[in-house]
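**Student:** So in my numbering, the last one in the sequence shown is 971, and the numbering has no gaps at all. Quick reminder that beta carbons are idealized off the backbone N, C-alpha and C, glycines included. Below you will find the structure I want to go over with you.
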Amino acid sequence: MKTGISCSRAAAAALLLASAAALAAPPAMPAAPLTADAQRIAQAAVAARDNAGGAFAVVDKKAASVFVFDAKGTLLGASPVLLGLARGDDSVPGIGERPMAKIRPHERTTPAGRFASEPGRNTGGEDIVWVDYDAAISMHRVRTTNKADRRLERLASPTIADNRISYGCINVPAAFYDAYVKPALGQRRGVVYVVPESSPVAAHFDFMNPARDARAPSAARPAL
748 MKTGISCSRA AAAALLLASA AALAAPPAMP AAPLTADAQR IAQAAVAARD NAGGAFAVVD
808 KKAASVFVFD AKGTLLGASP VLLGLARGDD SVPGIGERPM AKIRPHERTT PAGRFASEPG
868 RNTGGEDIVW VDYDAAISMH RVRTTNKADR RLERLASPTI ADNRISYGCI NVPAAFYDAY
928 VKPALGQRRG VVYVVPESSP VAAHFDFMNP ARDARAPSAA RPAL
């Protein structure tokens, strides 16, 4: 009898230690190879000091992926994401003031460009990262309340064809959000660069435009 109890306690202790170790370790990065556009934007942003010396993220819509970088442009983590249902690089004017039920399918875009991000909370009290506050675009943990959306399955699928489902927000796996997005962008202001999918990349980022006014360098941006 005593031997049985001892074995049970030893097994339970081992299980607890294993669980604690699993929770302490950062989750393995999902397969999301660094894209050429994301790498080019990250290198140019750091070279121009457009990131104001802070961590930043690049969302490549064409690859349905997010890449989180430290202040020096070193890749910290990468993950598939879910994006706006509709393709396009601009938000409909005033869309942030509309209830979700009034947003039509073709208006559900994830806008492209440079966004000064900031930590925030949604109406449910969940911590999020605001990307474009006026357009109500944020980066947040994927939500699974509507089972019909199959959002977890979409993130896990090997294709990017089914990654378009949101109203425009950037949905990230919860474990990745907690391990990479929140430490980099969820504690302080930062920058999120969203790669366009239907217009030239350089058209959305001044620091990549060789014709930009040399008297107003990106380094002159106010601290975030």
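Between the Cα of Ala818 and the Cα atoms of Leu830, Lys809 and Val793, which residue gives the shortest distance?
**Tutor:** Val793
**Student:** Apart from the five residues just before and just after Ala883, which ones in its own chain have a Cβ nearer than 6 Å to its Cβ?
**Tutor:** Gly843
**Student:** Which residues mark the beginning and the end of the alpha helix (DSSP H) in which Ile907 is found?
**Tutor:** Careful: Ile907 lies outside any alpha helix (DSSP H) and carries neither H nor E.
**Student:** Measure the alpha-carbon distance for Val939 versus Lys894 and round it to whole angstroms.
**Tutor:** 29 Å
**Student:** Whole angstroms is fine: what's the gap from Ser946's alpha carbon to Asn918's?
**Tutor:** 23 Å
**Student:** Please report how far the alpha carbon of Ala771 lies from the alpha carbon of Val839, in whole angstroms.
**Tutor:** In this prediction, Ala771 has a pLDDT of 41, which is less than 50 and means its spatial position is unreliable; what the coordinates show is noted afterwards. Whole-angstrom Cα-Cα distance: 42 Å.
**Student:** Taking the straight line between their C-alpha atoms, what separation do you get for Asn956 and Phe814?
**Tutor:** Rounded to whole angstroms, Asn956 and Phe814 show a C-alpha spacing of 22 Å.
**Student:** How about Val928 and Asp784: do their beta carbons lie closer than 9 Å?
**Tutor:** no
**Student:** Is the separation between the beta-carbon of Asp836 and that of Phe952 shorter than 9 Å?
**Tutor:** no
**Student:** Do the segment 893–913 and the segment 864–880 touch if we need at least three Cβ pairs shorter than 8 Å?
**Tutor:** no
**Student:** So, for Thr891: in the same chain, excluding its five sequence neighbours on each side, which residues have a beta-carbon less than 7 Å away from its beta-carbon?
**Tutor:** Arg898 and Leu899
**Student:** Count the other C-beta atoms from every protein chain shown that fall within 10 angstroms of the C-beta of Ser904, then say buried if there are 16 or more, exposed otherwise.
**Tutor:** Ser904 sits exposed, since fewer than 16 C-beta atoms from the chains shown fall within 10 Å of its C-beta.
**Student:** Would you tell me roughly how many angstroms separate the C-alpha atoms of Arg845 and Ile788, rounded to the nearest one?
**Tutor:** 32 Å
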